[in-house]
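A.B. asks:
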Amino acid sequence: MLSRSKILTEKEAQAFAFREIAGFDRQLTAEKTDMSPHDVDAYLLSADIEITEARKYLEIIDEARRSVESGNG
Numbered sequence: 031m032l033s034r035s036k037i038l039t040e041k042e043a044q045a046f047a048f049r050e051i052a053g054f055d056r057q058l059t060a061e062k063t064d065m066s067p068h069d070v071d072a073y074l075l076s077a078d079i080e081i082t083e084a085r086k087y088l089e090i091i092d093e094a095r096r097s098v099e100s101g102n103g
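Counted the way my numbering counts, the sequence shown spans residues 31 to 103.
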């Protein structure tokens, strides 16, 4: 549903940033964020799910925009 307004929690954002953007391993991410390695994994999974959902919504919006711009909407 497009009206959903959840953003990443701080812990999800930290796990994602350190693991996926900075490339830190789970142990170093855990140390930098004061989380356990298990929590890093859990928050990263949650962040991945939320980011995947957000990308789906962006694709829907982009498709609608392209349709309107091409005169088909």
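Glycine is no exception: its CB is placed at the ideal position from the N, C-alpha and C atoms.
With DSSP run on the structure shown, which of helix, strand or coil describes Ala47?
C.D. replies: In the sequence shown, the residue the question calls residue 47 occupies position 17. Here Ala47 sits in helix by DSSP.
A.B. asks: If we call anything under 8 Å between Cβ atoms a contact, is Thr59 one with Arg49?
C.D. replies: Within the sequence shown, numbered from 1, the residue matching residue 59 stands at position 29. Within the sequence shown, numbered from 1, the residue matching residue 49 stands at position 19. Closer than 8 Å, so yes.
A.B. asks: If contacts are defined as beta-carbon pairs under 8 Å, then Ala47 and Leu74 qualify, I think. What distance do you get, rounded to the angstrom?
C.D. replies: Taking the sequence shown and counting its residues from 1, the one referred to as residue 47 is at position 17. Taking the sequence shown and counting its residues from 1, the one referred to as residue 74 is at position 44. That pair is no contact at about 10 Å.
A.B. asks: Can you find the residues in the same chain that come closer than 7 Å, C-beta to C-beta, to Pro67, ignoring five residues on each side of it along the sequence?
C.D. replies: As a working note, residue 67 is residue 37 in the sequence shown. Once the five neighbours on either side are set aside, the close Cβ partners of Pro67 are Arg56, Gln57 and Ala60.
A.B. asks: If you follow the alpha helix (DSSP H) that Asp78 is in, where does it begin and where does it stop?
C.D. replies: In the sequence shown, residue 78 corresponds to position 48, counting from 1. From DSSP, the alpha helix (DSSP H) with Asp78 extends over Pro67 to Glu99.
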